[in-house]
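Number of protein chains: 2
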Amino acid sequence: MNAVGLVVEYNPFHNGHRYHLRQAKKVSGAEVTVAVMSGNFTQRGEPTIVDKWARAKAAVMSGVDLVIELPIFYAVQPAHRFAAGALRLLAALNVNSVVFGAEHPQWDFEHLVKAEKQFNQEDFNQYNATYATQFNQQLKAQTGVTLVDPNDILAFAYTKAKVQHNYQFDLLPIQRQGSNYHDKDINGEIASASAIRQALLGGNSYRRAVPSVMADYLAQIKSIPSWEQLYPLLRNQLIQAPISTLQATYLMAEGLEYRMKDAAQRSLDFDSFMKYTKTKRYTYAHLLRVCLYTLLQITQAEVDQHYKDPYLHVLAFNQLGRQYLHEVKKQVGTPLITKVDQDLRDGLLNLDYRAGKLYQLFTPVEQDLKHPPVIID
Amino acid sequence: MNAVGLVVEYNPFHNGHRYHLRQAKKVSGAEVTVAVMSGNFTQRGEPTIVDKWARAKAAVMSGVDLVIELPIFYAVQPAHRFAAGALRLLAALNVNSVVFGAEHPQWDFEHLVKAEKQFNQEDFNQYNATYATQFNQQLKAQTGVTLVDPNDILAFAYTKAKVQHNYQFDLLPIQRQGSNYHDKDINGEIASASAIRQALLGGNSYRRAVPSVMADYLAQIKSIPSWEQLYPLLRNQLIQAPISTLQATYLMAEGLEYRMKDAAQRSLDFDSFMKYTKTKRYTYAHLLRVCLYTLLQITQAEVDQHYKDPYLHVLAFNQLGRQYLHEVKKQVGTPLITKVDQDLRDGLLNLDYRAGKLYQLFTPVEQDLKHPPVIID
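In the order they appear, the protein sequences are chains R and X.
For the first sequence, counting from 1, position 12 maps to 12 in the numbering used here; every step adds exactly one.
All you need for the numbering used here is the position in the second sequence, starting with 1, plus 377.
Shown next as structure tokens:
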């Protein structure tokens, strides 16, 4: 079967995603759609609004045929690692094409990727600027282009990963439709995920912007998962753990462990903590990711190990998805996981399992151990 | 000045404590009363109902002249270590006597202490019985007495510590008055701390059983500090920390770290967690203490180190207390701390500091750093 891959967060799944899905089928001519979706934490390091099972179910009920989890060590990462991880899984699944939205789909992303090879690495040494800022200074000098829109940045990262690994699928950028990512209001049936989360927070209606299955899930939320709720756990870890433990945390570098420990000692709420921690050197999203890895006590060594061992954790599928799984099963070299047993809990899937246990602060649902895929027939 | 020492939790300070205080002055003939009081966690390992500053203030406003904090590594301990730690501080403060309530003040506790020396240590090997049960089996065989009432157990421990260290002060047991420790109702002006906590939990009146200063503090409590509230932090630590970290925790022994990790993975609330963890081998209080040390990531090595380095952290005093401090200052070999600076935070007082930071989950009040003593003139 001709399959198209999508890389998604679906936080929450909304009508814009449904539109994007139809476009993806159209431009790719695919019979089956495979989505690689973040688990319970977003790329920015925030807890998702509803858990991965609810989001996967809404996706399949809205036309996606197969949903695979993007493991936390690929999902909670800057764009280039997020994109590389997602494409690695889609390549393992033998998709024929990958469709993604971009703010400037007309750009020649391969040209930009080639330009990056000429960058002078020694110029990335400004301690008062983020990596992205320094990257764009060099890209602009070489090509006249700057990558600022989030989906353009991802498009670049997909292209780079494809070139690097010589993936055989086609990359098909399409124009991002409807509301912008940063739009805060719901003005029609298409609204951004961010606008929907805002509406939910403000007690405003979001129903016309999401399919009814997702609306029902959202209606059940008692409080929206947030870092404010995770903060007591983070604060205690930063205060009680010895510096050596904090130093071993994935992404913790350049003395950030001292800065964060100090900020935790002073700050009783997450907002103050982040204000105290933020510098020009790091983006807010980077710091959120460090916070998450700190809470999960995930070390550099653990990420290095898991990075080498990808797997395909099946979250949801319909009949077409099942057929596709059946078809590719024999060719797939990557472990295909439909049920997490104790060996997987303690081994291959350990980091996602731990993330799921943290996410249980927001839901009683057991996230991984023995949780079967959602099947929509 | 002739000083009498008291060992207290004051959780909360109530009229029974005021009565006990007057009795202590009477039987000892002392001019000044010095109380060594648990900080923000009780001997059982539970968070106190209001913080140590409020409890110390209520005590001094009710007639105690000087309140010293019993450091966490002495306070959150079984009776024998709790008693030994408290007497060590009272000895350092040169008190002339120590008065304490006992259910059987007429018993010859020195005789019981001598009997213990004849115990066969090899008989303490029943894995399905607590230490206390095995201790009483032997004590009964030798003396006919069993120590079951909590204040008798403490009386025994005080006597043992005095004999062991040859302390020069007198031990003066007095009859415990009024309600029993386990009484659940408030029947008059004298009620147990436990009955007052129950009244507070149930929304019933406790005013006539406590001095007005304590009643005012209790009236401000929004939710009563509990392990249920600490559980998300404990659960995450037990799940995310590697077994090696948990094993290093003070009091964690005999594979309890595996049992607790497993219980945390299964249990979404503290009650289920404790039901799953409890065995005949350990008392509920012992397990609570292990939970607390786990949350504070306090290791055996840290407790061993701090155990050797006692200090006197002054929480509150009146004019008489100030005079007494002035008088004993030169003779006291133990550091006398009236204000916690950054060196003390990171050094001598580090464990109490960390416990105070955890307690901030229940109060915005900074517990140690730069907190001056309460002075009632």
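Just so you know, even glycine gets a beta-carbon here, dropped at the ideal spot from N, CA and C.
In this text, all values refer to a predicted model and were calculated from it rather than measured experimentally.
Residue of the options minimising C-alpha distance to residue i
| i | options | result |
| --- | --- | --- |
| residue 711 (chain X) | X:528, X:445 and X:382 | X:445 |
| residue 134 (chain R) | R:121, R:143 and R:144 | R:121 |
| residue 709 (chain X) | X:441, X:465 and X:683 | X:465 |
| residue 103 (chain R) | R:111, R:231, R:61 and R:150 | R:150 |
| residue 387 (chain X) | X:433, X:707, X:381 and X:408 | X:433 |
| residue 214 (chain R) | R:113, R:59 and R:45 | R:59 |
| residue 186 (chain R) | R:24, R:168 and R:208 | R:208 |
| residue 374 (chain R) | R:342, R:338 and R:126 | R:338 |
| residue 30 (chain R) | R:44, R:94 and R:143 | R:94 |
| residue 690 (chain X) | X:634, X:682, X:703 and X:749 | X:749 |
| residue 379 (chain R) | R:138, R:238, R:237 and R:116 | No answer is possible for residue 379 (chain R): the residues shown for chain R start at 1 and end at 377. |
| residue 662 (chain X) | X:731, X:604 and X:729 | X:604 |
| residue 307 (chain R) | R:21, R:154 and R:81 | R:81 |
| residue 544 (chain X) | X:490, X:469, X:571 and X:500 | X:469 |
| residue 197 (chain R) | R:38, R:47 and R:265 | R:47 |
| residue 396 (chain X) | X:416, X:422 and X:440 | X:440 |
| residue 664 (chain X) | X:581, X:686 and X:640 | X:640 |
| residue 309 (chain R) | R:344, R:279 and R:79 | R:344 |
| residue 210 (chain R) | R:204, R:190 and R:201 | R:190 |
| residue 553 (chain X) | X:531, X:505 and X:622 | X:531 |
| residue 341 (chain X) | X:654, X:658, X:648 and X:644 | Lying outside 378 to 754, the shown extent of chain X, residue 341 (chain X) is not represented and no answer is given. |
| residue 200 (chain R) | R:212, R:192 and R:218 | R:218 |
| residue 456 (chain X) | X:583, X:733 and X:415 | X:415 |
| residue 678 (chain X) | X:513, X:546 and X:728 | X:728 |
| residue 519 (chain X) | X:719, X:538, X:583 and X:494 | X:494 |
| residue 647 (chain X) | X:608, X:418 and X:622 | X:608 |
Environment of residue i [buried if 16+ CB atoms lie within 10 Å]
| i | result |
| --- | --- |
| residue 17 (chain R) | buried |
| residue 556 (chain X) | Annotation note: pLDDT 47 at residue 556 (chain X) (below 50); position unreliable, no value reported. |
| residue 724 (chain X) | exposed |
| residue 565 (chain X) | exposed |
| residue 593 (chain X) | exposed |
| residue 148 (chain R) | exposed |
| residue 390 (chain X) | buried |
| residue 144 (chain R) | exposed |
| residue 254 (chain R) | exposed |
| residue 152 (chain R) | buried |
Contact set for residue i: own chain, Cβ-Cβ below 7 angstroms, skip 5 residues either direction
| i | result |
| --- | --- |
| residue 358 (chain R) | 295 and 296 |
| residue 535 (chain X) | 460, 464, 475, 477 and 548 |
| residue 299 (chain R) | 248, 249 and 250 |
| residue 551 (chain X) | 400, 404, 476, 478 and 482 |
| residue 614 (chain X) | 671 and 672 |
| residue 642 (chain X) | 616 |
| residue 705 (chain X) | 470 and 471 |
Contacting residues, own chain, Cβ-Cβ under 6 angstroms from residue i (five flanking each side not counted)
| i | result |
| --- | --- |
| residue 738 (chain X) | none |
| residue 463 (chain X) | 384, 413 and 447 |
| residue 409 (chain X) | 378, 380, 442, 697 and 701 |
| residue 291 (chain R) | 234 |
| residue 680 (chain X) | 450 and 627 |
| residue 5 (chain R) | 34, 90, 95 and 98 |
| residue 740 (chain X) | 428 |
| residue 349 (chain R) | 340 |
| residue 15 (chain R) | 189, 190 and 209 |
| residue 730 (chain X) | 722 and 745 |
Neighbourhood of residue i by C-beta distance below 8 angstroms, restricted to the same chain and skipping five residues each side
| i | result |
| --- | --- |
| residue 376 (chain R) | 57, 60, 61, 316, 317 and 318 |
| residue 454 (chain X) | 420, 462 and 666 |
| residue 487 (chain X) | 536 and 540 |
| residue 243 (chain R) | 257, 258 and 261 |
Validate contact between the region 595–606 of chain X and the region 621–631 of chain X using beta carbons, cut 8 angstroms, 3 pairs: no
The region 360–372 of chain R / the region 44–54 of chain R touching (three or more Cβ pairs under 8 angstroms): Verdict: yes, contact present.
Whole alpha helix (DSSP H) elements within the region 550–610 of chain X, 4-residue minimum: 570–578 and 589–597
Segments of 4+ residues assigned as alpha helix (DSSP H) that fall wholly inside the region 638–675 of chain X: 647–654 and 661–672
Continuous beta strand (DSSP E) assignments of at least 3 residues falling wholly in the region 47–123 of chain R: Counting whole runs of 3 or more residues, the region 47–123 of chain R contains the beta strand (DSSP E) stretches 66–70 and 97–102.
Unbroken stretches of the alpha helix (DSSP H), 4 residues or longer, contained in the region 324–366 of chain R: 342–346 and 350–359
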